[in-house]
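Read in our numbering, the sequence shown has 87 at position 43, and its numbers run on one by one without any break.
Report on the following structure.
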Amino acid sequence: MRDKKVLFTVQAAAIAAVYVVLTVVFAPISFGEVQVRFAEALTILPYFTPAAIPGLFIGCIIGNLTGGAIPVDILFGSLATLIGALGSYALRRYKYLVPLPPIAANTVIVPFVLYYGYGVTLPIPLMMLSVGAGEVLSCGVLGLIVLFALDKHKSAIFKNVTA
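What follows is the structure in structure tokens.
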């Protein structure tokens, strides 16, 4: 039992670390009205392990902190990722639907953060389109590529963690 808790914690920490690195390395395109946050491709990981849920949430908080986000973005942007991760976990029996919750959560929440938090004056529906397009690229396209690549080796990568 203790080994599973340790494995869960290590997996969550590793996922958080990778999320932070991807967010910081690609910071110029990870923030703003038009954004493709490559780290969001990791939101498919709850398909493999529930440890991804806290890992993604904490990784997003730290990534936003280190990326210079304002407090409202740190809070609501990270909550969007948490909602997406929970939704991905809930849909884990339907492989092709796993990327949809993070796409939806970020498409709805992030434009309001941009408008009210950063004062971006573009119409919210337009920002929903631009943020949504970035999410489709990062979660939908790249996320599914990651999902199918990892699915071939899931027993070796995610062993001993029950979903």
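Idealized CB from N, CA, C, for every residue including glycine.
These numbers were taken from a predicted model, which means no experiment stands behind them.
Spatial neighbours of residue i in its chain, beta-carbon cut-off 6 angstroms, leaving aside the 5 residues before and after
i    : result
F70  : F82
G131 : P145
A56  : A95, P98 and G99
K49  : none
G187 : A85, I88 and P143
I168 : P155 and Y159
Whether residue i touches residue j by CB criterion (9 angstroms)
i    : j    : result
I88  : A60  : no
I97  : L51  : no
V157 : V116 : yes
M171 : V164 : yes
Residue i classed as buried or exposed, judged by whether at least 16 other C-beta atoms fall within 10 angstroms
i    : result
Y140 : exposed
L66  : buried
F192 : exposed
V185 : exposed
G103 : buried
Reduced DSSP category for residue i - H, G, I as helix; E, B as strand; rest coil
i    : result
G187 : helix
A129 : helix
I59  : helix
G121 : helix
T151 : helix
K196 : coil
P98  : helix
R46  : helix
I106 : helix
Proximity test, residue i beta-carbon vs the ligand PLP heavy atom, cut-off 8 angstroms
i   : result
Q55 : Absent from the structure shown: the ligand PLP. Ligands present: none.
Residues near residue i by beta carbon distance below 7 angstroms, same chain, minus five either side
i   : result
Q79 : I73, V175 and G178
V68 : G107, T110 and G111
V64 : G103, I106, G107 and T110
Sequence-distant residues of the same chain with beta carbon closer than 8 angstroms to residue i, five excluded per side
i    : result
I118 : I105, N108 and L109
A113 : F75 and G121
P90  : A96, I97, L100, A129, L130, S132, Y133, R136 and V142
A58  : G99
V147 : At residue 147 the sequence reads Ile, which differs from the Val that was named. Closer than 8 angstroms at the Cβ level, and outside the excluded window around I147, lie G128, G176, E179, V180, C183 and G184.
Cβ of residue i within 9 angstroms of any chain B Cβ
i    : result
M172 : Note that chain B does not occur in the displayed structure, where there is just one protein chain.
List in chain order: all unbroken alpha helix (DSSP H) runs of 4+ residues lying wholly within the segment 71–95.
Runs of the alpha helix (DSSP H) lying entirely within the segment 71–95 and spanning at least 4 residues, in chain order: 71–74.
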